[in-house]
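Worksheet: the structure to be examined is printed underneath.
There are 2 protein chains.
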Amino acid sequence: MMDVELNSWMLFRNAERSYRDVEIVTQLDAEERHRYTYASMADRVRRLISALDALKIPRDTAVGTLAWNSFEHLECYFGIPNSTRVIHTINSRLPAEDLAYIINDAGDQALFVAPTMLELVSKILPDLPEVKHVISFGKPAVAIPGLISYEELLASVDPFEGELDIPESSPFGMCYTSGTTGRPKGVLFTHRSTTLHSMAISGGPGIGISASDCVLPIVPMFHVNAWGLPFSAVSGGAKIAFSTPTFQPATVIRLIREEAVTKAAGVPTIWIAVLDELRRSGGDLGELAELICGGAQPPASLIRAYLEEYGVSMLQAWGLTESSPVATTTRLPHRLRNASIDEKVEFSSRAGKPVIGIDLALLDKEGRPAPRDGSTMADIYLRGPWVIDSYLHNADPDAFKVPGWFKTGDVGVVEPNGLLRLVDRSKDLIKSGGEWISSVSLESALMGHPKIIEAAVVAYSHDRWQERPLAVVVPFPGETVTLEEVRKFLESEGIPRWQLPDRVVFVPEIPRTSVGKFDKKLLRGQYGEEIN
Amino acid sequence: MMDVELNSWMLFRNAERSYRDVEIVTQLDAEERHRYTYASMADRVRRLISALDALKIPRDTAVGTLAWNSFEHLECYFGIPNSTRVIHTINSRLPAEDLAYIINDAGDQALFVAPTMLELVSKILPDLPEVKHVISFGKPAVAIPGLISYEELLASVDPFEGELDIPESSPFGMCYTSGTTGRPKGVLFTHRSTTLHSMAISGGPGIGISASDCVLPIVPMFHVNAWGLPFSAVSGGAKIAFSTPTFQPATVIRLIREEAVTKAAGVPTIWIAVLDELRRSGGDLGELAELICGGAQPPASLIRAYLEEYGVSMLQAWGLTESSPVATTTRLPHRLRNASIDEKVEFSSRAGKPVIGIDLALLDKEGRPAPRDGSTMADIYLRGPWVIDSYLHNADPDAFKVPGWFKTGDVGVVEPNGLLRLVDRSKDLIKSGGEWISSVSLESALMGHPKIIEAAVVAYSHDRWQERPLAVVVPFPGETVTLEEVRKFLESEGIPRWQLPDRVVFVPEIPRTSVGKFDKKLLRGQYGEEIN
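Residue numbers (my numbering), protein chains in the order written: chain A, 1 to 532; chain B, 1001 to 1532.
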């Protein structure tokens, strides 16, 4: 067999040659959309390769992006790796101190920046000695000395011709984990890992993306490369739609309808807000075939609502930055194709089964296989060609103590038929009287309450039980809920009495981390003190 | 990233762990079906590994199969490569002389044989000095000394435990091309090529296979591994249905309906016969979502009939044994999702676009790129991780003259949007007065005639024009068609006058090669002589 490398050119090649007429649409604001074809995208990717050479950025070095979802950002996704440089997609929601740390840690020599993020960059630039160039995607609102216009840069060069032969073991890109404890940790993707991950999620057992689709990644492109969707979409010739930087449910719904989006991907809170808007405005989701949900476990009530009210199924994808990120999905089995909505919702509320290439192990504290009996909770480990075997600079070696496996930090249960049910992040589990309570299960049940928008559950210290659950709840505007109501509802949902929260705190909003997850560290700091 | 090998264990692992309850159904005869689950399949695969060790068949050597589509054959698909041995799926329809040649050429040390093929094996066995064991899948009808019962063999050993760490560059399997000229040529697949091909066809841009599907490969498992479908189905947890050795349209239709088959794959003649039976019997295709058609170009009329009459779309997959085999598919683009049936049929009648990983070039006689203008005919070349860079024993080095590329022997046209249109096999083109006539185009148009079941077109020698087209036509029973009728019909279908066949021969059946294609070599021998 031919010795052909798995690299970014493999993902790009057919996009350029075989899908020239396919559209890429970017919603710029509530009204305007930018649109062009794969042919234009490919030409600009080739110009970007020449431009990186012209800027004398050494090959194999890192180039950062601080940007929203847009066609320019997509060009960087291919132009930077195709040129043998390493794309570092930076999460702009990190604290400024962490931003400077990761840009220096990665060794970024240039930054491609969305205009609205330039102010942030101008503030930390004095602390970024390695950064030689800042390139702005649009008209800058801030004066930065030597700032380069992306459009002028592309116009100043000729498109790169031919291809570069990049070995598949070469570095492709970098992401940093949000780092709930200590500094963010760097994850380095290779050309091989990115290509294989992309093929896996293009697959039916993954997310399933082809030229028949229009894909809308609402998940930010700085969040584990929008779960790899842009790579799969481009390599398979799918139409792509990008939404505005600031999430507006009504704008997203209009985009889905008007561009005939077939697959849209985002975190649960996105889909909660879209559902709320749909119910308010009475609209529908056009030709949408499937919602992809990741980042956190969506409440079963949300999955049910989309299925019952809009006929749209929700596919959960579970994984971590360290697994590129997709490890499992809840692709519905053939035997459930005509099952009741109850059965479908139950299946889709799990974390799913490993995609092709991913091996999942459930190991006890001693690293021995735990029974896959549907009830034994144990640590989830992953193995596969797109799972890391170390962090950059060997941070957190504890995650690699079991040879050949990565410890995810998630605790789960595997059912006899192989379905993974996530119990919790190991550190978010509530240890009550020697037993574990899953904060995720309580949250999922709570968010099914008709008066509750969102809920997070954390442990508070307890004299007698060691820890007990506390619910932080956001009621719908104008609604009030009592602790007793909450406990009764949870009991009716099948939560055992001893697991019911003893305390409920009502808040207008739940604080979130830089990647949009509930900030439980902060919540524990606020509410975790013993009070009895 | 982890250094995880792409090998058969990667395809098998999740099948065993995560899809234990999924069914594999084999239609044994018109009535009876064998059914078991992935859990049983995996146990038997592990027993087969132990059995191959017990038989002392050296690792890395070839083991042949001479079998129809069945659960036992599927077990060999995984048991043999998982054990580090090389599976050689043998096309039993080859002439006995070629069979002995390829079994010796491959060095097969054992043969796994369907009972109905044992007679064939007993005849050639004296010419197979390397073959140490013959194993029969069922009750043998022929006495062969030392014949081993597959069931007894599996029962005699314990299941192999753990996994073998097989480097991805190791040999996985072998197929021989049917060899229209000279001896059959051997193609060696590696663990890497098979895994990547499997991932590509699992993908949306490929065939798209997941646990939501029930897959029916009617294409024989000895025909380029049933196009790789068993590997994709098993790795993604799809239910699998196998049909009877002898193709019976009514039995296939019943299997599709009763097992809720969602994707079924076969050559055009299969789908012509199924359509005929459906029209006759008035049935439907149940939950079938997509027909996969390969091996030859299906007539546009066939694609239209399934779409119009049964709402089932046909996906063409094009490729060769040398490309594992899938290189392109006709996945419908998003922009055509609501197009007219005419537009959809037109798109689906082409050969499609390359799947992820495959690079396609259109090169002229000097090996220079030909324009992709929708009209320039040139040779089609392929490149990719599942395309061969040589035949076994370096047969036919001419196919590798352009460095890095494999010359397919097909001539085609590429449209500006990347869509490949096959013109013909290079050797089947009819050279008339310095211009080329595509036999495939004429055949496709002819098979749209309401009185014609099948048609093959070959060149006959012509004094003035060098070659002229001759049509070999099978009319529906009881129908007669005249040369003038045929010519008029083709003209109404848009075939230029100078391309119309000058002669038509009516036959009850068109002779076929061992893989079910029209045997044009034979037809040229019968009808190709100059007669004017």
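We put the CB at the ideal spot given by N, CA and C, even for glycine.
- Short of 6 angstroms from the beta carbon of A:Phe189, and not among the five residues preceding or following it, lie these beta carbons of its own chain, in chain order: Phe172 and Gly173.
- Beta-bridge partners assigned by DSSP to B:Gln1466: B:Ser1432 and B:His1462.
- With the criterion set as a beta carbon lying under 7 angstroms from some beta carbon of chain B, the members of the stretch 352-386 of chain A are Lys353, Pro354, Ile356, Gly357, Asp359, Arg383, Gly384, Pro385 and Trp386, in sequence order.
- Rounded to the nearest whole angstrom, the CA to CA distance from A:Ala339 to B:Ala1238 is 17 angstroms.
- Not a single C-beta of chain A is nearer than 8 angstroms to the C-beta of B:Asn1394.
- Contact between the stretch 1230-1249 of chain B and the stretch 1261-1277 of chain B is established, with three or more Cβ pairs separated by less than 8 angstroms.
- A contact is defined here as three or more CB-CB pairs under 8 angstroms, and the stretch 1485-1494 of chain B meets this definition with respect to the stretch 1439-1458 of chain B.
- By DSSP's assignment, A:Leu55 forms no beta bridge with any residue.
- Residues Thr26, Asn69 and Ser70 of the same chain have their beta carbon placed closer than 6 angstroms to that of A:Phe242, with the five preceding and five following residues left out of the count.
- Of all residues in the stretch 183-194 of chain A, only Leu188, Phe189, Thr190, Arg192 and Ser193 come within less than 8 angstroms of chain B when Cβ atoms are compared, listed by chain position.
- Between B:Asp1428 and B:Ser1441 a beta carbon distance of about 11 angstroms is seen, past the 8 angstroms cut, so the two are scored as non-contacting.
- Near chain B, meaning a CB-to-CB distance below 9 angstroms, no residue of the stretch 291-320 of chain A qualifies.
- Not one beta carbon of chain A lies nearer than 8 angstroms to the beta carbon of B:Lys1517.
- From the listed residues B:Val1355, B:Arg1331, B:Ile1358 and B:Ile1356, the smallest Cα separation to B:Val1345 is found for B:Arg1331.
- One Cα belongs to B:Ala1211, the other to A:Arg421, and the distance between them is close to 18 angstroms.
- For A:Tyr36, the uninterrupted beta strand (DSSP E) segment begins and ends at Arg33 to Thr37.
- Between A:Leu99 and A:Trp386, the C-beta gap is not smaller than 8 angstroms, which leaves the two residues out of contact.
- For B:Asn1007, the closest of B:Val1086, B:Arg1192 and B:Pro1450 by C-alpha to C-alpha distance is B:Arg1192.
- Cβ neighbours of A:Asp284 within its own chain (closer than 8 angstroms, five residues either side excluded): Arg257, Leu278 and Tyr310.
- Interface with chain A (8 angstroms Cβ-Cβ cutoff): B:Lys1239 is included.
- Only Asp3, Val4, Leu6, Met10, Leu11, Arg13 and Asn14 from the stretch 3-15 of chain A bring a Cβ to less than 8 angstroms from some Cβ of chain B.
- Under the Cβ distance rule, B:Leu1229 does not count among the residues neighbouring chain A, no pair being separated by less than 8 angstroms.
- Inter-segment contact for the stretch 154-172 of chain A and the stretch 130-142 of chain A is absent: fewer than three beta-carbon pairs are separated by less than 8 angstroms.
- Within 10 angstroms of the beta-carbon of A:Gln297 lie 16 or more other beta-carbons, which makes it buried.
- In this structure A:Pro477 is exposed. Its beta-carbon is surrounded by fewer than 16 other beta-carbon atoms within 10 angstroms.
- Where B:Leu1315 is concerned, the enclosing beta strand (DSSP E) starts and stops at Ser1313 to Gly1319.
- Among the CB atoms of chain A, none fall inside 8 angstroms of the CB of B:His1133.
- For A:Gln526, the closest of A:Pro58, A:Ala456 and A:Arg13 by C-alpha to C-alpha distance is A:Ala456.
- Under the three-state reduction of DSSP output, A:Ala226 falls in the helix class.
- Unbroken beta strand (DSSP E) stretches of 3 residues or longer found wholly inside the stretch 1158-1211 of chain B: 1171-1176 and 1186-1190, given in chain order.
- Annotation: Cβ neighbours of A:Ile209 in chain B (cutoff 9 angstroms, chain order): Gly1203, Gly1204 and Pro1205.
- Linking B:Asp1364 to B:Pro1501 through their CA atoms gives a straight-line distance of about 28 angstroms.
- DSSP places B:His1133 outside any alpha helix (DSSP H); the residue lies instead in the beta strand (DSSP E), whose first and last residues are His1133 to Ser1136.
- Per DSSP, the beta bridge partners of B:Gln1027 are B:Arg1033.
- Two segments are said to touch when three or more pairs of C-beta atoms, one from each, lie closer than 8 angstroms; by this definition the stretch 1402-1420 of chain B touches the stretch 1366-1380 of chain B.
- Contact between the stretch 247-256 of chain A and the stretch 1009-1027 of chain B is absent: fewer than 3 CB-CB pairs across the two stretches fall below 8 angstroms.
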